[in-house]
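Position one of the sequence shown corresponds to residue 58 (the numbering used here), numbered consecutively onward.
The structure appears below as structure tokens.
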Amino acid sequence: MDRQARALLERLGVDVNVNTLVGDLPVATQQMVEIAKALSQNANLIVMDEPSAILAGDELARLFAIIESLVEQNVTIVYISHRLDEVFAIADEITVLKDGVVVGTTPVGAINRPGLVKMMVGRDFAEVFPPRSGEPGAIVLSVENITTDVLPYPTSLTVCAGEIVGLAGMVGSGRTELARAIFGADPLKSGTIHIKGQRAGSSPRRAIDRGLVLVPEDRKAQGLFLGLPIRTNVTIAVLNRLVQRGLIDRKREAGTVQHAKESLSIMMASPDQEVQYLSGGNQQKVVLARWLETSPAVVILDEPTRGIDVGAKFEIYHLIRGLTGRGVGVLMISSELPEILGMSDRILVMRDRRIAGQFSQDEATEERIIELATAGRALDYASTQAHSET
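Set out below in structure tokens:
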């Protein structure tokens with residue numbers, strides 16, 4: 058069994074001890090293990106539901122190569138994805154579902170990207186990201202020479218009020234680890250973090266109190282209480298505001314949830330509905346709503362649109378841009394380069410658990426980001442950072 062498992066993982070290009078507990082593996086590696094499990098069945102039909110949601114770069118290329126190999130062996134693949142670039146790259150035919158109903162099926166060569174978006178959302182949808190609003194303000198997040206057990210190189214960055222700083226890089230480059238360190242979830246070995254000029258402290262609670270929040274990459278495992286109602290998930294970070302004489306003021310709680318529902322357009326049957334039964338997009342809105350109730354100065358978004366449909370993505374983009382319009386600083390991690398390029402005012406690129414360089418909005422292209430994120434020439438990040446702040 059061990060030999061077979063190793064062979065399947067090697068086929069996927071995954072170098073991991075087969076006796077390691079899956080729960081101890083990085084999320085991207087867990088996904089490759091799931092794919093290996095499907096391949097072990099030697100099936101004639103394999104359904105892949107968002108298999109690339111947490112893959113990027115080399116991992117995604119390996120997945121596509123495996124799919125092509127399986128197709129050559131007469132295996133049929135049903136590939137479910139919200140990533141349109143992948144659909145056009147890998148599919149022979151495209152079927153669109155909307156609200157549980159088949160909208161249509163078409164050969165991939167018979168439709169273009171705008172046409173597919175229209176099928177998915179039910180109306181014409183201009184593929185533009187929300188316009189930027191004004192110039193960034195003062196620095197609200199300052200990270201100076203921090204290191205942790207998994208980030209051995211001193212790392213520095215800044216985020217300004219009203220600015221979106223994109224954080225790009227391959228899976229495993231250290232993006233999530235950096236976000237966790239800034240949020241206080243992983244202890245620092247050295248360095249300092251300041252939020253609006255105040256020392257952040259060494260725990261998520263202190264970070265939240267200072268005005269910094271984190272929307273994690275895995276909302277189901279890390280961001281939501283799936284078995285609890287929507288109202289609890291929205292208000293749990295501000296219960297101190299809602300409690301009077303040891304009891305929750307249900308009227309104030311209902312008002313808070315109603316405000317979140319209206320401002321973020323959360324689709325729900327009722328506030329008592331368990332959050333696990335919401336769509337991915339609405340679940341993500343619930344996580345955002347919880348932290349926005351704390352009136353943060355800085356929001357870290359780790360893969361904010363992973364696993365949600367095209368229509369919900371555009372809603373999330375507008376919500377993010379709305380935050381910057383109110384002076385909130387945003388650090389956004391994403392594996393989708395169009396998202397990074399379309400939303401970011403400035404882009405940092407990580408490689409080998411360090412920041413390899415940065416690009417201004419005008420300088421950045423997919424090719425330059427990929428080159429820097431892989432084996433390309435590293436920029437002098439210290440000098441580019443200093444230049445961006447002048």
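The beta carbon of each residue, even a glycine, is placed where N, CA and C say it ideally should be.
Just reading off the alpha helix (DSSP H) that residue i is part of, what are its end residues?
| i | result |
| --- | --- |
| Lys155 | From DSSP, Lys155 is part of no alpha helix (DSSP H) but of the beta strand (DSSP E) over 150-155. |
| Asp266 | 261-267 |
| Met449 | No answer is possible for residue 449: the residues shown for the chain start at 58 and end at 447. |
| Ala118 | 115-129 |
| Thr163 | From DSSP, Thr163 is part of no alpha helix (DSSP H) but of the beta strand (DSSP E) over 158-164. |
| Ser320 | 307-321 |
| Arg408 | It is not in any alpha helix (DSSP H) - Arg408 instead sits in the beta strand (DSSP E) that spans 403-408. |
| Arg63 | 59-68 |
| Asp366 | Premise fails: Asp366 is in no alpha helix (DSSP H) and is neither H nor E. |
| Asp142 | 141-147 |
| Asn297 | 296-299 |
| Arg425 | 423-430 |
Residues bridged to residue i by DSSP?
| i | result |
| --- | --- |
| Ile103 | Ile134 |
| Asp359 | Ile390 |
| Glu331 | Pro286 |
| Gln255 | Ile252 |
| Val272 | Leu358 |
| Leu304 | Gln301 |
I'd like the list of long-range same chain contacts for residue i, defined as Cβ closer than 7 Å, with 5 residues on each side in sequence excluded.
| i | result |
| --- | --- |
| Gly280 | Val272, Pro273, Val344 |
| Arg298 | none |
| Gly161 | Val153, Met176 |
| Val159 | Thr152 |
| Arg60 | none |
| Arg347 | Asn290, Val291, Ile293, Ala294 |
| Val128 | Ile134 |
| Ala93 | Leu65, Leu66, Leu69 |
What is the residue span of the beta strand (DSSP E) that residue i lies within?
| i | result |
| --- | --- |
| Ile252 | 247-252 |
| Gln341 | Not the beta strand (DSSP E): Gln341 falls in the alpha helix (DSSP H), residues 337-349. |
| Ile412 | 411-417 |
Report all residues from its chain with a CB closer than 6 Å to the CB of residue i; omit the five preceding and five following residues, and keep chain order.
| i | result |
| --- | --- |
| Met89 | Leu69, Val71 |
| Glu350 | Val295 |
| Phe182 | Its pLDDT being 48, under 50, Phe182 is placed unreliably by the model, and the measurement read from it follows with that caveat. Answer for Phe182: Val174, listed in chain order. |
| Thr163 | Ile151 |
| Glu220 | Pro193, Gly386, Asp402 |
| Gln333 | Leu283 |
| Arg411 | Tyr210 |
| Val135 | Val104 |
| Arg378 | Pro187 |
| Gly384 | Ala218, Gly219 |
| Leu96 | Leu65 |
| Ser199 | Thr215, His251 |
| Gly399 | Phe186 |
| Thr133 | Leu102 |
| Thr407 | Thr is not the amino acid found at residue 407; the sequence shown has Met there. Correct list, in chain order: Gly226, Ser230, Gly231, Arg232. |
For residue i, which residues of its own chain have a beta-carbon under 8 Å away from its beta-carbon, when the five flanking residues on both sides are left out?
| i | result |
| --- | --- |
| Gly382 | Ser190, Gly191, Gly219 |
| Ser322 | Lys342, Glu372 |
| Arg309 | Arg298, Leu299 |
| Glu107 | Ile137, Ser138, His139, Gly364 |
| Met325 | Ile287, Lys318, Leu335, Asn339 |
| Val75 | Asp59, Ala62, Arg63, Leu66 |
| Ser259 | Gly241, Pro244, Leu245 |
| Ala430 | Gly114, Ala225, Gly226, Met227, Ser230, Val406, Met407, Arg408, Ala413 |
| Thr77 | none |
Under 8 Å: do the stretch 165-177 and the stretch 205-225 share three or more Cβ pairs, one atom per stretch?
no
Runs of 3 residues minimum, wholly inside the stretch 175-237: which ones carry the beta strand (DSSP E) assignment?
196-204, 212-217, 221-226
Does the contact criterion of 3 or more C-beta pairs under 8 Å hold for the stretch 351-370 versus the stretch 258-271?
yes
Contact the stretch 390-397 vs the stretch 335-344: 3+ CB pairs below 8 Å:
no
Say whether the stretch 231-242 touches the stretch 286-302, bearing in mind that this needs 3 or more beta-carbon pairs closer than 8 Å, one atom from each stretch.
no
Is it a yes or a no for the stretch 252-267 touching the stretch 306-319, going by three-plus beta-carbon pairs under 8 Å?
no
Cβ contact (3+ pairs, closer than 8 Å) linking the stretch 243-251 and the stretch 414-426
no
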